[in-house]
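In what follows, a structure is listed as structure tokens, so that the remarks can point back to it.
Numbering (the numbering used here), first residue to last: 13 to 957.
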């Protein structure tokens, strides 16, 4: 016992008081014992736990079996004994449990058993799952190990083949060099010196002496070439290919040799290790040499050497590795591979990987990063090739398709060029086989000059009265109708307006038609729009039928019409030509049946056919924005059948067909070829003349419309660049100087249909001269909205509505902002008003009217007035307030206004020839005797376009 040990002392020491061991788990505690004379002692009490499976149960005294409470209840006597039970002295009297408490305890026990059983079942299920997961992981590890072994075997075979090839090449080089060195021949021919047998490496428990060391040669493994070794990183010369005989120190005593445990080198270490390799291995593999002394006794115990930086612990230190002394810690395979890579200079990483040639899809423009990703190449390699070509780029730069193709082909890849326009491939003009073609109705376009009776003729055929509903009695919209002829065949008629502004409408009608009916009034002859219709028909390459209308009038002259048509190379059948002609009268219905027969004959000659069992294709004839129905497009189906629910694309707009409405106003489920219908369901108003096609999905429709929208923006940007950014500074300055005095008349145009708006905008652009022009800020289809009023207010423009009206909110906004809104339903009135308004912007023409001349006879100086010229009127009259010129020696020296005109002392309104008067000029006093005063009047004449 000692009193120096303080149990509360927690001083930090280097050596822990407890040793690391794999003993049975022990719980320790301290107990202080007290002795006499005030002494005490602290005793360590250990509690050892028994290991699992070896627990020895202590004998337990047998207890009498007790029946469960529920079974014991019926056996109790009805009347308990009043005598109290005998209990030993000093014991405690326990309260007897009632039946309810016993039942509650039984239920609690049953619930605990069920809970325990459920927990056991869950634990077993989790154990099974863990076992399955462990089995899967083990299989995956086995598979990965198998794959790794296969890869190592493959690499080992490749290394062996490479080493064999290098050894064979080195042997051939030695065979070539040996004849050139004669002194070495005898030594090579001599038998090898008697060398002692190689002894195994000996280990001693002392440091390596400074004497020579004995090396044991290592035989190469199977398939291992002796000559193939990694290059040395140090400056020592490499060893020869043959193993060096061991050096034996004769003075060293013979000691028992300890066999060195053999180790298998990893596959990457193909060459035998040299001396530097052995030095790098851990202390367990160091081979100390033998001592140099001759009479040395047994080696003493080696002193502990300080740990160097090279003896770092490798691997993870666990309890088993720390306490296990049966196995030596060795270098790991990964560490050995890293060392070999350091020794070989990373030759393995320099091996050229097998490149995969790919098919690279190249769009019109592509970034360098995207091109490198598609080729699975590094971006720096692509930039290096571009730099070789003299182009400096960043990885985010955009290059064109030609440059990208050159780069891809330079790297050995194949190229597939694509363009954005490829999204429209297969959308239109897909050929049909002859077996799928069926006959279709003919499409006939009625064309001619304004007021020659085109709509009246069509009304007479259809037995309708469309012309009565036209404003001003002229057609300003393009219409499409389908008529059944008396012969039972169907014909589709397209009615075009005859006004000069509707040139685009006539051109669209000529493009989609099969036959053109040229209507010429017999009393008017060939007019400008008649000649234009002839040109459109020739450009479209469609046959022409001449209908000479109004033959019922007294001044009708059909022969004049035939003669005038010869000027445009139209020779009718009456004059020996091939063009059909029919004299008709829309008012009386004369020869209308002959006109229909001629149309049917021409259609039969053309043999018109189409495939109705394919996705529909067509053309937008007219488009408008209806407030109740939304965008409405009049579509002429040319191929296939258009059905409700189809997804259609028209220009930059797309939609799902919600309804198809025929020309009679009835809804139809489908529209076969050559049938005109109104299509509802577009998300925007398409342009008149756009081609319509049915696509398979909404994604394709969005892709096509987005591409077309980009194209439209690019065209607008190109026009803006051509008008602004694409010009030089000198051109811009010259245009600014030329247009400095040019005025503009801003307009906002809204119409009912796309064709009318297009015609109005085209006509307005032609109105004007070098001094004033019309500028259309915005144009569209639909009613006038608040945004239109806001735009007009910001730019000081006039809002023009053609067959449309403004919303209530737009009217109120226009009243507040003072914006003028004008409504028109006849294009003539619109153009006349715009011309009159633009004429008001023209500067008036100034015209001079000579009044008379006067000569100065004397100059008078009047105080507070200035100089007054005394003059005599030589011819004409001089009027007060008129313009005057002062002429001296036939040179005009001043132009101004006449300030005062007096005759004697009174002011005079005018002075006639032969009379004298006094005159003074405004802001001019340099008058001399003999000067001539010329008096004239300036008149302003209003100009018009």
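C-beta atoms are modelled at their ideal positions from N, C-alpha and C, and glycine is treated no differently.
Check: Can you give the Cα-Cα distance for residue 790 and residue 769, rounded to whole angstroms?
Finding: Taking the first residue of the chain shown as 1, we reach residue 790 at position 778. Taking the first residue of the chain shown as 1, we reach residue 769 at position 757. Answer to the nearest angstrom: the Cα atoms are 11 Å apart.
Margin query: Measuring straight from C-alpha to C-alpha, what distance separates residue 473 and residue 679?
Written below: Here residue 473 refers to the residue found at position 461 when the chain shown is read from its first residue. Here residue 679 refers to the residue found at position 667 when the chain shown is read from its first residue. Taking the straight line joining both Cα atoms gives about 23 Å.
Check: Between the Cα of residue 849 and the Cα atoms of 723, 648 and 956, which residue gives the shortest distance?
Finding: Residue mapping note: residue 849 aligns to position 837 of the chain shown, counting from 1. Of the candidates 723, 648 and 956, the residue whose Cα lies closest to the Cα of residue 849 is 956.
Notebook entry, point to check: Mind pulling the beta strand (DSSP E) runs of 3 or more residues that sit fully within the region 862 to 934?
Noted result: Listed in chain order, they are 878 to 891, 895 to 900, 903 to 915, 922 to 924 and 928 to 933.
Note to self: What residue range does the alpha helix (DSSP H) around residue 580 cover?
What the structure shows: On the chain shown, position 568 is the one that residue 580 refers to. Segment: none, residue 580 is in no alpha helix (DSSP H) and carries neither H nor E.
Next item on the list: Pick out whichever of 409, 407, 424 and 471 has its Cα sitting closest to the Cα of residue 368.
Entry: Numbered from its first residue, the chain shown carries residue 368 at position 356. The alpha carbon of residue 368 has as its nearest neighbour, out of 409, 407, 424 and 471, the alpha carbon of 424.
Next item on the list: Just grab the DSSP bridge partners of residue 450 for me.
Entry: Position 438 of the chain shown, counting from 1, holds the residue named residue 450. In DSSP, residue 450 forms a bridge with 622.
Notebook entry, point to check: Quick one: complete alpha helix (DSSP H) runs, 4+ long, within the region 393 to 450?
Noted result: Those alpha helix (DSSP H) runs which fall completely within the region 393 to 450 and span 4+ residues are 413 to 422.
Check: What's the gap between the Cα of residue 726 and the Cα of residue 720?
Finding: Working through the chain shown from its first residue, we reach residue 726 at position 714. Working through the chain shown from its first residue, we reach residue 720 at position 708. Roughly 10 Å between the two C-alpha positions.
Next item on the list: List the DSSP bridge partners of residue 53.
Entry: Along the chain shown, read from residue 1 onward, the residue named residue 53 stands at position 41. The partner list for residue 53 (beta bridge, DSSP) reads 45.
Margin query: Am I right that residue 40 and residue 58 are in contact with their C-beta atoms under 8 Å? What's the rounded C-beta distance?
Written below: By one-based count along the chain shown, residue 40 stands at place 28. By one-based count along the chain shown, residue 58 stands at place 46. Correct: roughly 5 Å between the Cβ atoms.
Margin query: Using only the alpha-carbon positions, how far apart do residue 356 and residue 435 sit?
Written below: Counting from one through the chain shown, the residue named residue 356 turns up at place 344. Counting from one through the chain shown, the residue named residue 435 turns up at place 423. Going from the Cα of residue 356 to the Cα of residue 435 covers about 55 Å.
Check: From this set, 713, 379, 507 and 528, which residue's C-alpha is nearest residue 437's C-alpha?
Finding: As a working mapping, residue 437 is identified with position 425 in the chain shown. When only C-alpha atoms are compared, the closest one is 713.
Next item on the list: Starting from residue 181, follow its DSSP beta bridges and name the residues at the other end.
Entry: Taking the chain shown and counting its residues from 1, one reaches residue 181 at position 169. In the DSSP assignment, residue 181 is bridged to no other residue.
Next item on the list: From the DSSP output, in three-state form, read off residue 779 for me.
Entry: In the chain shown, residue 779 corresponds to position 767, counting from 1. The answer is coil: DSSP assigns residue 779 none of H, G, I, E or B.
Notebook entry, point to check: With a CB to CB cut of under 8 Å and the five nearest residues on each side skipped, what residues in its chain are close to residue 808?
Noted result: For this step, residue 808 is matched to residue 796 along the chain shown. In the same chain as residue 808, and ignoring 5 residues on each side of it, the C-beta atoms closer than 8 Å to its own belong to 758, in chain order.
Item checked: Span separating the alpha-carbon of residue 668 from that of residue 631 -> Here residue 668 corresponds to residue number 656 of the chain shown, with the count starting at 1. Here residue 631 corresponds to residue number 619 of the chain shown, with the count starting at 1. Going from the Cα of residue 668 to the Cα of residue 631 covers about 16 Å.
Check: Does DSSP classify residue 548 as helix, strand or coil?
Finding: The residue labelled residue 548 in the question sits at position 536 within the chain shown. Residue state, collapsed to three classes: helix.
Notebook entry, point to check: Per DSSP, residue 727 forms a beta bridge with which residues?
Noted result: In the chain shown, residue 727 corresponds to position 715, counting from 1. DSSP output for residue 727 lists no bridge partner at all.
Notebook entry, point to check: Whose CA, out of 621, 698, 454 and 640, lies closest to the CA of residue 495?
Noted result: Reading the chain shown from its first residue, position 483 is the one you call residue 495. The residue with the shortest Cα to Cα distance from residue 495 is 454.
Next item on the list: Output the distance between the C-alpha atoms of residue 272 and residue 180, rounded to the nearest integer angstrom.
Entry: Translated into the one-based positions of the chain shown, residue 272 becomes position 260. Translated into the one-based positions of the chain shown, residue 180 becomes position 168. With a pLDDT of only 44 at residue 272, under 50, the local geometry of the prediction cannot be trusted, and the value read off the model is given with reservation. Between the alpha carbons of residue 272 and residue 180 lies a gap of roughly 32 Å.
Checklist line | C-alpha gap between residue 80 and residue 130, whole angstroms | finding: In the chain shown, residue 80 corresponds to position 68, counting from 1. In the chain shown, residue 130 corresponds to position 118, counting from 1. Low local confidence applies: a pLDDT of 41 at residue 80 is under 50, so the model's placement there is unreliable, with the coordinate-based value given in what follows. Taking the straight line joining both Cα atoms gives about 24 Å.
Notebook entry, point to check: Leaving out the 5 sequence neighbours to the left and right, which residues in its chain are closer than 6 Å to residue 444 when beta-carbon positions are compared?
Noted result: By 1-based counting over the chain shown, the position of residue 444 is 432. Cβ neighbours of residue 444 beyond the five flanking positions: 623.
Margin query: Can you find the residues in the same chain that come closer than 6 Å, C-beta to C-beta, to residue 907, ignoring five residues on each side of it along the sequence?
Written below: Mapped onto the chain shown, residue 907 falls at position 895. So the list reads 897, once near-sequence residues are dropped.
Margin query: Less than 8 Å between C-beta atoms, sequence neighbours within five positions excluded: which residues of the same chain meet that for residue 879?
Written below: For the purposes of this step, residue 879 is taken as the residue at position 867 of the chain shown. Cβ within range, chain order: 871, 872, 873, 932, 937 and 939.
Checklist line | Residue closest to residue 943, alpha-carbon to alpha-carbon, out of 470, 506, 886 and 687 | finding: Position 931 of the chain shown, counted from the start, is the residue given in the question as residue 943. Ranking 470, 506, 886 and 687 by Cα distance to residue 943 puts 886 first.
Next item on the list: Compute the distance between the beta-carbons of residue 532 and residue 557, then report whether it is under 7 Å.
Entry: In the chain shown, residue 532 corresponds to position 520, counting from 1. In the chain shown, residue 557 corresponds to position 545, counting from 1. Not in contact: residue 532 and residue 557 (Cβ atoms no closer than 7 Å).
Notebook entry, point to check: If residue 817 sits next to residue 786, beta carbons under 8 Å apart, how far is it from one beta carbon to the other, in whole angstroms?
Noted result: Counted from its first residue, the chain shown places residue 817 at position 805. Counted from its first residue, the chain shown places residue 786 at position 774. Between residue 817 and residue 786, the beta carbon gap of about 23 Å keeps them out of contact (Cβ cut-off 8 Å).
Notebook entry, point to check: In or out: residue 709 buried (at least 16 other Cβ within 10 Å) or exposed?
Noted result: Sequence index remark: in the chain shown, residue 709 carries index 697 (1-based). It is exposed - the Cβ of residue 709 has fewer than 16 other Cβ atoms within 10 Å.
Note to self: Nearest by alpha-carbon distance to residue 432: which of 502, 186 and 722 is it?
What the structure shows: Along the chain shown, read from residue 1 onward, the residue named residue 432 stands at position 420. Of the listed residues, the one whose Cα sits closest to residue 432 is 722.
Next item on the list: Reducing DSSP to helix, strand and coil, say where residue 109 ends up.
Entry: For the purposes of this step, residue 109 is taken as residue 97 along the chain shown, with counting starting at 1. Of the three classes helix, strand and coil, the one that applies to residue 109 here is coil, per DSSP.
Check: Three-state secondary structure (DSSP) at residue 557?
Finding: If you number the chain shown from 1, residue 557 lands on position 545. In the structure shown, residue 557 sits in a strand (DSSP, three-state: E or B).
Note to self: Using only the alpha-carbon positions, how far apart do residue 617 and residue 812 sit?
What the structure shows: Residue 617 sits at position 605 when you count from the first residue of the chain shown. Residue 812 sits at position 800 when you count from the first residue of the chain shown. If I take the Cα positions, the gap works out to 47 Å.
Notebook entry, point to check: Would a C-beta distance cut-off of 7 Å place residue 610 and residue 592 closer than the cut-off?
Noted result: In the chain shown, residue 610 corresponds to position 598, counting from 1. In the chain shown, residue 592 corresponds to position 580, counting from 1. Taking a C-beta distance under 7 Å as the contact criterion, residue 610 and residue 592 qualify as a contact pair.
Next item on the list: Assign residue 501 to one of three DSSP states: helix, strand, or coil.
Entry: Residue mapping note: residue 501 aligns to position 489 of the chain shown, counting from 1. If DSSP states are grouped into helix, strand and coil, residue 501 belongs with coil.
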